[in-house]
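**Q** Please see the structure below; I have some questions.
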Amino acid sequence: MTTRTPTGSLSRADRDGSSGRLAFSPGRPPDREEVTGRVHDQYAVHPFPPPQRKHSYRGHAAYVRSFLEGIGKDPAGWRFGDIACGTGLMMLDYALEFPEASFVGYDLSETSVDRANEMLRHEGVGNARAAVANLLEIEETESFDYILSWGTVHHLADPFLGISVLCRALKPGGVLRLGVYGHYGNFERKLQQEIIKTVGGHLPLEERISLVRAWAAVDPRVVEAQTAPPVDLGDDDWVVDEFLHAWEQPLKLGEVVGCLGSAGLQVVDLTDYYDEPISLDPARHLLPGPLRPPASHLSFERRCHLVDLLARPYWLSVLAVKQPGGDLRLPGEG
Ligand SMILES: C[S@@+](CC[C@H](N)C(=O)[O-])C[C@H]1O[C@@H](n2cnc3c(N)ncnc32)[C@H](O)[C@@H]1O
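With positions in the sequence shown counted from 1, the corresponding number in the working numbering is that position plus 43.
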């Protein structure tokens, strides 16, 4: 396992945007080191989730228990991975829900990992620990029974390489839960992020945080834009995560499903952030009558793409099971 602290090659001013330089030129593919360095530096200073979210993931963990029961899986003795675990609050609720399993959390941010381990010790949780690791460099193969990666893949320089790494780390028969920003959802927030970047991209981060708050104070749309959970504008770390992220590329459901399928995983469930089901049947999403017959002949991947276009979920929570004998090659490998 490589555990290192990527810093990228940019100066501090470039990384936090205060140099006024555009971070990435349009059309230029993102440089992996540069993106990872920027994201690392953000979460080193602004770890996430903040302490006020403690125990807010209990329902999520309970949902996973009932899901596993529903597909006939017994998690006793399982090795769970929370990749990337942030400050560990989700792992805490999982560890409490599944005392019969053990938990490993990985994260890029040493600040978050230290905070996670401190909190787990303080809570007397003995079956979970966090360590520093870059998701894109995890070399473990078939070592986890369950992998959770919540709110992170869309912050990677190469999200589909990231998903493939997670798939490789999962045992055959294992379960992956991926929570990502959807490409077609929450357009209002995406516009707000872009407006802040355009107006304040040259300002130091502290001033951009103030700018978001000043805007929110006079414009209810900033608060009302549908995000889950609702942003706490009083918390700097949350404002940065929501409005001023160093790198974010929301994903299309069809592409996620395709990537999972090529790594041998079958998608079995789709929900929103709060575990509310999202049907994978396009006809359940106001698909106009004349389009239904041709839609019924689409592949599963294309049907998922259609569901994404019709439902436009802000958040895609995908549960997938790794089929025995899945293809473990990563993109670019022979
Ligand atoms: C929005 S937070 C989500 C934290 C947690 N999963 C949750 O939902 O509560 C995103 C996390 O991803 C981590 N992260 C981003 N890129 C990463 C990478 N390449 N490897 C490991 N962790 C990464 C960040 O440090 C941060 O803690």
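Built from N, CA and C at the ideal position, the CB exists for glycine as well.
Would you mind sorting Arg327 into buried or exposed? The rule is 16 or more other CB atoms within 10 Å of its CB.
**A** exposed
**Q** What's the C-alpha gap between Lys233 and Ser99?
**A** 25 Å
**Q** Ignore the nearest five residues each way along the sequence and tell me which others in Arg158's own chain have a CB closer than 8 Å to its CB.
**A** Pro90, Thr130 and Gly131
**Q** So the beta strand (DSSP E) Tyr189 belongs to, where does it begin and stop?
**A** Phe187 to Trp193
**Q** Find the nearest neighbour of Ile114 within the set Gln235, Ala257, Gly216 and Ser155, judged by alpha-carbon distance.
**A** Gly216
**Q** Could you tell me if the beta carbon of Asp284 falls within a distance shorter than 7 Å of some heavy atom in ligand 1?
**A** yes
**Q** May I have the straight-line CA-CA distance separating Val283 from Gly222, to the nearest angstrom?
**A** Whole-angstrom Cα-Cα distance: 19 Å.
**Q** Looking at C-alpha atoms only, which residue of Tyr224, Leu287 and Pro272 is the closest neighbour of Lys240?
**A** Of the listed residues, the one whose Cα sits closest to Lys240 is Leu287.
**Q** Give a yes or no on whether the C-beta atoms belonging to Val378 and Glu285 are separated by under 8 Å.
**A** The structure shown does not extend to residue 378, since the chain is modelled only from 44 through 377, so no value can be given for it.
**Q** Which same chain residues, not among the five before or five after Arg220, have their C-beta less than 6 Å away from its C-beta?
**A** Closer than 6 Å at the Cβ level, and outside the excluded window around Arg220, lie Leu191 and Leu362.
**Q** Compute the Euclidean distance between the alpha carbons of Phe187 and Leu209, then round it to the nearest angstrom.
**A** Straight through space, the alpha carbons of Leu209 and Phe187 are spaced by roughly 9 Å.
**Q** Among the residues of its own chain, which have a CB less than 6 Å from the CB of His348, if the five just before and after it don't count?
**A** Cβ neighbours of His348 beyond the five flanking positions: Gly297.
**Q** Based on the DSSP output, what are the partners of Pro367 in its beta bridges?
**A** The partner list for Pro367 (beta bridge, DSSP) is empty, contrary to what the question assumes.
**Q** For Phe146, write down the residues that DSSP places opposite it in a beta bridge.
**A** Phe123 and Ala171
**Q** In terms of residue numbering, what span does the alpha helix (DSSP H) encompassing Thr154 cover?
**A** Glu153 to His165
**Q** Could you tell me if the beta carbon of Pro273 falls within a distance shorter than 7 Å of some heavy atom in ligand 1?
**A** Taking 7 Å as the cut-off, one finds no heavy atom of ligand 1 near enough to the beta carbon of Pro273.
**Q** Measuring only the C-alpha atoms, how far is Trp358 from Trp193?
**A** 10 Å
**Q** Out of His340, Pro293, Arg96 and Gln309, state which residue places its alpha-carbon closest to the alpha-carbon of Asp351.
**A** Pro293
**Q** Quick check: is any heavy atom of ligand 1 less than 7 Å from the C-beta of Tyr86?
**A** yes
**Q** Which partner residues of Trp358 appear in the DSSP bridge assignment?
**A** Partner(s): Tyr224.
**Q** What do you get for Phe230, buried or exposed, if any count of 16 or more other CB atoms within 10 angstroms of its CB means buried?
**A** exposed
**Q** Please list, in chain order, all residues of the same chain as Gln236 whose beta carbon is under 7 Å from its beta carbon, the five residues on each side excluded.
**A** If we look at Gln236 and ignore the five residues flanking it on each side, its Cβ neighbours are Phe286.
**Q** With DSSP collapsed to three states, give me the class of Leu179.
**A** Secondary structure of Leu179 (DSSP, three-state): helix.
**Q** Nearest-angstrom Cα distance between Leu353 and Pro333?
**A** 15 Å
**Q** How long is the line joining the alpha carbons of Ala338 and Ser322, rounded to whole angstroms?
**A** 15 Å
**Q** Contact between the region 167–185 and the region 255–275: three or more CB pairs below 8 Å?
**A** no
**Q** Hey, could you find the ends of the beta strand (DSSP E) Thr314 is sitting in?
**A** Leu308 to Thr314
**Q** In the DSSP assignment, the alpha helix (DSSP H) including Asp318 goes from what residue to what residue?
**A** Counting along the chain, Asp318 falls outside any alpha helix (DSSP H), and DSSP gives it neither H nor E.
**Q** List in chain order: all unbroken alpha helix (DSSP H) runs of 4+ residues lying wholly within the region 66–116.
**A** Counting whole runs of 4 or more residues, the region 66–116 contains the alpha helix (DSSP H) stretches 75–88 and 101–113.
**Q** Ends of the alpha helix (DSSP H) at Gly205?
**A** Where Gly205 is concerned, the enclosing alpha helix (DSSP H) starts and stops at Pro202 to Ala212.
**Q** Answer with buried or exposed for Pro272, where buried requires no fewer than 16 other C-beta atoms within 10 angstroms of its C-beta.
**A** exposed
**Q** My guess is that Thr314 and Ala200 are in contact by the Cβ rule of under 8 Å, so how many angstroms apart are they, rounded?
**A** Not quite, the Cβ-Cβ distance comes to about 27 Å (not below 8 Å), so this is no contact.
**Q** May I ask you to list the residues that DSSP assigns as paired with Val218?
**A** BP columns for Val218 point to Tyr189 and Val364.
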